[in-house]
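Colleague: Position 676 (the sequence shown) corresponds to 675 in numbering that gives the first Met the number 0; numbering is contiguous.
Virtual Cβ for every residue (Gly too), placed ideally from N, Cα, C.
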Amino acid sequence: MIVLQKLKKFVVTGIAHRFPLGLSVMKILFPILKVLYGFLKPVIMLKRLYHEYNPPGLSDSELFDKLDLSSERISKVKAAVLKRDYEIASHFLLEYFRSGGDIKKLIGVSDDDKSIFHERFPESAKKTVEKADRAMERRFEILGKELIFPDERIDWHADSSGKRWIKRYYRTISEKVYSNNFNNEYYIGDIKTVWELNKHAHFTDLGKAYYLTGDEKYANAFFDQISHWIDENPYKIGVNWLENLIVAQRVINWIFALELCSRASLLTPGMLIKILKSLYQHACYIEEHYEFAPKASNHLIGNVSGLFVLSFCFPEFKKSEKWNSESMNILLEELDKQVYHDGVQYEQSTSYHRYVVEFSLLPAVLLMKNNMKLPDILSRKIEKMINFIMWMTQPNGRVQPISDADGARVWNFNNAHINDHRSCIAFGAVMYKRKDFAFCCDKQYEEVLWMMGRDELKGLENMDKKPPLHNGTAFTDSGYFVYRTGWGKDATWLFFDCGPIGVGEWPEGINIGVHGHVDLLNFGIFSHGNPVITDIGSYTYTGSKEWHDYFRSTGGHSTAIIDDRDQCDLTHFWGMKLRARPQDAGWDYTDNHAFFTGRHDGYKRIHPNMMHRRSLFFKSGEKLLMIEDHFDGQGVHKCECRLHFYPGYDLTREQQNAVTVRRDSEVVAKIFFINDNGNILLSMGYGDDNPIIGWYSDDYGQRQKTWVITAEIRAEFPAAVYTVMELTPMGKIDMKVDELRRLFAEQRSRI
0 MIVLQKLKKF
10 VVTGIAHRFP
20 LGLSVMKILF
30 PILKVLYGFL
40 KPVIMLKRLY
50 HEYNPPGLSD
60 SELFDKLDLS
70 SERISKVKAA
80 VLKRDYEIAS
90 HFLLEYFRSG
100 GDIKKLIGVS
110 DDDKSIFHER
120 FPESAKKTVE
130 KADRAMERRF
140 EILGKELIFP
150 DERIDWHADS
160 SGKRWIKRYY
170 RTISEKVYSN
180 NFNNEYYIGD
190 IKTVWELNKH
200 AHFTDLGKAY
210 YLTGDEKYAN
220 AFFDQISHWI
230 DENPYKIGVN
240 WLENLIVAQR
250 VINWIFALEL
260 CSRASLLTPG
270 MLIKILKSLY
280 QHACYIEEHY
290 EFAPKASNHL
300 IGNVSGLFVL
310 SFCFPEFKKS
320 EKWNSESMNI
330 LLEELDKQVY
340 HDGVQYEQST
350 SYHRYVVEFS
360 LLPAVLLMKN
370 NMKLPDILSR
380 KIEKMINFIM
390 WMTQPNGRVQ
400 PISDADGARV
410 WNFNNAHIND
420 HRSCIAFGAV
430 MYKRKDFAFC
440 CDKQYEEVLW
450 MMGRDELKGL
460 ENMDKKPPLH
470 NGTAFTDSGY
480 FVYRTGWGKD
490 ATWLFFDCGP
500 IGVGEWPEGI
510 NIGVHGHVDL
520 LNFGIFSHGN
530 PVITDIGSYT
540 YTGSKEWHDY
550 FRSTGGHSTA
560 IIDDRDQCDL
570 THFWGMKLRA
580 RPQDAGWDYT
590 DNHAFFTGRH
600 DGYKRIHPNM
610 MHRRSLFFKS
620 GEKLLMIEDH
630 FDGQGVHKCE
640 CRLHFYPGYD
650 LTREQQNAVT
660 VRRDSEVVAK
670 IFFINDNGNI
680 LLSMGYGDDN
690 PIIGWYSDDY
700 GQRQKTWVIT
710 AEIRAEFPAA
720 VYTVMELTPM
730 GKIDMKVDEL
740 RRLFAEQRSR
750 I
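1. Check whether the region 113-132 and the region 304-318 touch, using three or more Cβ-Cβ pairs below 8 Å as the test.
2. Using only the alpha-carbon positions, how far apart do residue 504 and residue 663 sit?
3. For residue 424, is the classification buried or exposed, using 16 other Cβ atoms within 10 angstroms of its Cβ as the cut-off for buried?
4. Could you have a look at residue 192 and say whether DSSP puts it in helix, strand or coil?
5. Would you tell me roughly how many angstroms separate the C-alpha atoms of residue 388 and residue 45, rounded to the nearest one?
6. Return helix, strand or coil for residue 181, following the three-state DSSP convention.
7. Between residue 451 and residue 368, how many whole angstroms is the CB-CB distance? I'm expecting something under 8 Å.
8. Give every residue of the same chain whose Cβ lies closer than 8 Å to the Cβ of residue 375, excluding the five residues on either side of it in the sequence, and list them in chain order.
9. With three or more C-beta pairs closer than 8 Å as the rule, is the region 161-181 touching the region 198-216?
10. Return the Cβ separation of residue 324 and residue 403 in integer angstroms, given the expectation that the two are a contact with Cβ distance under 8 Å.
11. Give me, in chain order, the residues of the same chain whose beta-carbon lies closer than 6 Å to that of residue 366; leave out the 5 immediate sequence neighbours on both sides.
12. Is residue 616 near the ligand GDP, in the sense that its beta carbon is under 7 Å from a heavy atom of that ligand?
13. Would you mind working out which of 58, 615, 437 and 460 sits nearest residue 481, comparing C-alpha positions?
14. Specify the secondary structure class of residue 653 as computed by DSSP and reduced to three states.
15. Within a Cβ cutoff of 8 Å, which residues of the same chain sit near residue 20, ignoring the five residues on either side of it in sequence?
16. For the beta strand (DSSP E) containing residue 718, list its first residue and its last residue.
17. Taking only runs that begin and end inside the region 67-109, name each unbroken alpha helix (DSSP H) of 4 or more residues, in chain order.
18. Can you round the beta-carbon distance between residue 245 and residue 252 to whole angstroms, since I take them to be within the 8 Å contact cut?
19. Residue ranges of each beta strand (DSSP E) run of no fewer than 3 residues wholly in the region 557-632, ordered along the chain?
20. With distances taken Cα to Cα, identify the nearest neighbour of residue 271 among 302, 288, 52 and 229.
21. What does a CB cutoff of less than 8 Å around residue 268 pick up in its chain, not counting 5 residues either side in sequence?
22. Just list the residues that DSSP pairs residue 168 with in beta bridges.
23. Does the distance from the C-beta atom of residue 588 to that of residue 470 stay below 8 Å?
24. Find the nearest neighbour of residue 701 within the set 417, 359, 56 and 169, judged by alpha-carbon distance.
25. For the alpha helix (DSSP H) containing residue 736, name the first residue and the last one.
26. Checking 8 Å against the spacing of the C-beta atoms, do residue 646 and residue 581 come in under that value?
27. Give the DSSP bridge partners of residue 703, in chain order.
28. Whose C-alpha, out of 65, 215 and 31, is nearest the C-alpha of residue 260?
29. Under DSSP, the beta strand (DSSP E) around residue 642 begins and ends at which residues?
30. If we define contact as Cβ-Cβ less than 8 Å, is residue 499 a contact residue for chain D?
31. What are the residues that DSSP puts in a beta bridge with residue 715?
32. Give the range of the beta strand (DSSP E) segment to which residue 138 is assigned.
33. Less than 8 Å between the beta carbons of residue 247 and residue 302, yes or no?
34. Using the Cα positions of residue 63 and residue 221, report the straight-line distance between them to the nearest angstrom.
35. Would you mind reading off the limits of the alpha helix (DSSP H) that contains residue 415?
36. Measuring CB to CB, does residue 759 end up less than 8 Å from residue 460?
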């Protein structure tokens with residue numbers, strides 16, 4: 000039944016988005032389909048049971064029949080296959096594979112490059128070996144939890160809760176564990192935990208450790224674990240075949256590890272054949288399960304990136320040419336749809352934006368290394384996406400975790416922090432020869448070396464490096480505005496968000512799932528070497544709806560809440576409807592100041608004329624930030640303006656409307672709250688869970704206690720609250736409402 004439900008969701012949302020009048024037709028059609036499904040259901044169930052007890056596999060002869068043996072370099076294999084001597088054919092196929100085949104693959108380093116890693120990136124090399132050692136001991140850090148398998152084998156279906164996910168036909172599992180919004184007896188923990196393990200990122204770590212040390216124990220562990228996984232996960236059986244994105248991600252890690260371990264003694268002809276059979280099934284699965292949607296997500300880009308990598312690195316499959324062409328066409332179409340003209344991926348999440356960049360870089364790198372022209376859309380979109388990363392990177396080298404995040408990485412060769420995206424900027428410097436990219440990647444070169452090789456590393460090191468010419472920019476399609484006082488590590492950095500809440504426009508009545516948070520007019524600021532006001536991340540998805548709702552709620556962001564309501568209605572785990580729409584965004588900056596403004600209509604559910612407008616004015620010389628929150632409408636309402644702090648600060652309330660902020664006993668800011676009537680009620684929360692308030696999450700599954708200030712008023716609308724943040728504390732600033740009102744009116748008149 001879930002298949003029909005997904006079809007209904009896909010078609011109905013698509014029609015509602017494009018042809019609203021077609022909804023009445025679909026309301027008639029789907030009851031008919033439901034009846035037909037009822038008749039077909041017994042046949043479908045019998046087919047599933049047969050598959051469970053007889054999962055399809057490939058014989059040696061069937062695998063070789065799926066290979067194109069026309070290349071002269073593979074002629075020995077062809078000769079053996081014609082004689083039906085598959086043992087000899089497997090031997091020659093391994094010989095051909097170890098020679099590198101007909102193209103340059105994902106890994107760009109040679110044996111001669113090993114010393115570079117130990118000389119230039121010793122800490123990362125050490126971490127790689129440590130992670131590989133843990134993987135050999137079957138110990139894994141997965142999304143904030145430790146998974147330990149004390150037995151000799153990994154249980155690929157285990158959850159961190161100690162329970163085991165059911166091992167059935169994948170569609171049967173989908174119907175069970177996804178039912179009732181994940182609230183059922185089959186949903187035993189957090190499914191992302193088992194999926195993250197089964198992406199097999201640790202296979203890449205094992206391959207890297209083998210390359211760096213030459214110790215075959217790491218390669219042996221990889222081949223032992225991948226062989227065991229294939230045995231324990233027959234095609235389309237179990238939760239590890241449930242999501243196409245996970246299948247595609249697994250393909251990429253298998254190929255990374257296989258290339259790195261290609262010369263290991265345990266890579267026998269039989270082992271290569273076993274892996275190739277499973278890779279072929281993975282490719283067929285990806286092709287069959289593209290995650291199309293009227294507004295597709297990073298999932299679809301991950302699907303086609305995985306299939307492109309597989310088909311490019313294994314052109315010997317007869318279907319590779321079709322897979323290659325098809326996956327690239329979809330990738331280009333989706334990049335054109337999903338990435339705004341300003342370069343921001345439309346899910347409005349810095350984490351998934353980087354995820355899309357990494358997926359897109361893999362085809363680009365493969366094409367570049369093989370002297371093939373990059374399609375124009377691919378080249379343009381990657382450059383613009385990396386440009387966004389450059390601007391969103393704070394002076395400490397990290398990006399604020401804006402909106403949803405689930406620890407998603409396509410690769411992590413340099414063992415960097417999850418919110419350090421600078422290696423993407425390094426790839427951009429190599430690809431586009433941009434001096435600002437070369438400057439801003441801050442020597443995060445290791446991943447370029449792994450995938451593109453010594454020559455590209457040398458070219459990157461020798462590039463002329465210059466900071467960007469400007470200190471401010473606007474990403475107008477996505478509604479992000481960024482300003483910084485300079486490009487050194489001591490700079491102050493500021494962003495303002497007046498953009499759509501995930502995946503662009505939708506009709507108001509549609510309940511959609513998005514990774515964007517309910518955060519219009521949110522802002523963040525970095526000063527004195529650390530983030531001060533920050534986006535708080537995501538923490539969890541299906542592990543707890545209550546916690547996920549807090550992290551994606553309006554109250555979980557540094558913006559304003561009216562009458563305890565979010566800017567839109569939160570529904571299922573990722574769902575929302577009646578989303579707030581951004582309006583009248585504007586900005587202006589000079590070397591001495593920055594000004595941002597915008598408003599949204601999210602509270603018209605309370606009153607049709609109700610609007611929240613926010614304006615920020617930052618004086619860079621004085622490090623003085625002033626915020627006006629203006630509320631239009633009628634009647635008496637409760638308003639709360641919140642400030643979420645990065646962990647590590649101590650807050651002290653000095654008087655009724657003022658707070659002093661310290662870090663390591665040093666005063667770094669004084670904050671004052673002002674309004675017409677002086678009736679502000681100030682409160683501070685820190686790591687509370689009833690109700691939930693005062694938390695920060697760097698990454699999925701991890702949370703830290705932190706401070707939140709709430710400035711509350713109850714007032715007749717229209718009303719205003721002013722926040723003054725002095726980041727070079729000189730004492731109380733005695734500013735009156737009239738002065739502030741004039742200042743903001745003057746700034747708005749300029750734009």
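Modeller: Answer, in terms of the structure:
1. no
2. 45 Å
3. buried
4. helix
5. 50 Å
6. helix
7. 7 Å
8. none
9. no
10. In fact, because the Cβ distance is near 32 Å, the residues do not count as touching under 8 Å.
11. 373
12. Among the components modelled here there is no ligand, and therefore nothing to report on the ligand GDP.
13. 615
14. strand
15. Its pLDDT being 45, under 50, residue 20 is placed unreliably by the model, and nothing is read from it.
16. 718-725
17. 74-81 and 85-97
18. With a Cβ gap of about 11 Å, residue 245 and residue 252 do not count as contacting.
19. 559-561, 574-576, 581-588, 592-599, 610-618 and 623-631
20. 229
21. 86, 89, 90, 92 and 93
22. 236
23. yes
24. 417
25. 736-749
26. no
27. 695
28. 215
29. 635-643
30. Absence of chain D from the displayed structure is noted, only one protein chain being present.
31. 635
32. 138-141
33. yes
34. 24 Å
35. Neither: residue 415 is in no alpha helix (DSSP H) and is coded neither H nor E.
36. The requested residue 759 does not occur in the structure, where the chain is confined to residues 0 to 750.
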